[in-house]
Amino acid sequence: MGPGCPGLKKIDPDRRIWHDEQSERGKNGTVPSFHRKVSLRTASINIDDSVLVQQSQAGDTASMERLILKYQHRIYNVILKMCGNADDAAELAQETFVKVIESIEKFKGRSSFYTWLFRIAVNLTLNHCQRSARTATRSLDAEEVDPAGETGQLLKDLLSDDRAVDPAVLAQSHELCDLAKRLLLELEEPQRAVVVLRDIEGMDYAQIADVLNIELGTVRSRLSRARSHLRETLETMLK
111 MGPGCPGLKK
121 IDPDRRIWHD
131 EQSERGKNGT
141 VPSFHRKVSL
151 RTASINIDDS
161 VLVQQSQAGD
171 TASMERLILK
181 YQHRIYNVIL
191 KMCGNADDAA
201 ELAQETFVKV
211 IESIEKFKGR
221 SSFYTWLFRI
231 AVNLTLNHCQ
241 RSARTATRSL
251 DAEEVDPAGE
261 TGQLLKDLLS
271 DDRAVDPAVL
281 AQSHELCDLA
291 KRLLLELEEP
301 QRAVVVLRDI
311 EGMDYAQIAD
321 VLNIELGTVR
331 SRLSRARSHL
341 RETLETMLK
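Sequential numbering from 111 applies to the sequence shown in our numbering.
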């Protein structure tokens, strides 16, 4: 992907973010190459996005690398929750940053770089999902969850609250986290995008509206319908 794009060629190992080899996940079980830990020296540099964008537009590749480093994990995580496939998420994340590298000179700053970046990632992922029509093949009706158990009650509590779900709460239970992922894949892509941006990325409604280029009221209605669908699915499972 992205042949001839200098931003994705091998970088000095001391500051490595990307390399252009094929993702290893699915072959040897390792995480995508761009998702690996990089040096603390680079990670410790904290520069405002607008400064890094200006420097990137002036041709400073180190600034572009820092932008990628700052957002690569979050972009990958959001895409993964939307598409449900690690290999696809790795490819889409890389494609996102290829587009960023190719388009950075055209970025006018009408929105924040953060919003612009996530808009690219979400649009690519939605298009991918629509093209592939890839949905979860495992039926949630067959799942067995104890309605009186901790997992069932906690997920019901989370879905009854309009606030963003705390990822730390989900992380406390592998069962809950796995169930939440499968529930997400039951949603239609537009609703799933809103839930992921709200509950995984922690965006507010205005940010979501900006990323998805929809009205604020549409964000609220999609989120409401998504939560309603998730609650109904969960209630069916807990009967």
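Cβ coordinates follow ideal geometry from the N, Cα and C atoms, glycine included. These figures come from a predicted structure and were not determined experimentally.
Euclidean distance between Cα positions of residue i and residue j
i      : j      : result
Gln354 : Thr235 : Residue 354 is absent from the model: the chain starts at 111 and stops at 349.
Asn187 : Val305 : 13 Å
Arg229 : Thr346 : 34 Å
Ser213 : Trp226 : 11 Å
Arg337 : Ser331 : 10 Å
Lys191 : Gln165 : 32 Å
Ser221 : Ile211 : 17 Å
Gly219 : Val163 : 9 Å
Val329 : Glu311 : 15 Å
Leu294 : Arg302 : 6 Å
Thr171 : Leu340 : 43 Å
Asn233 : Leu322 : 8 Å
Asn195 : Lys180 : 22 Å
Glu325 : Ala316 : 9 Å
Buried versus exposed, by CB contacts within 10 Å (16 or more), residue i
i      : result
Val161 : exposed
Gln204 : buried
Glu342 : exposed
Arg308 : buried
Asp320 : buried
Gln240 : exposed
His238 : buried
Leu333 : buried
Residue i, enclosing alpha helix (DSSP H) - first and last residue
i      : result
Ala203 : Ala196 to Ser213
Ile318 : Tyr315 to Leu322
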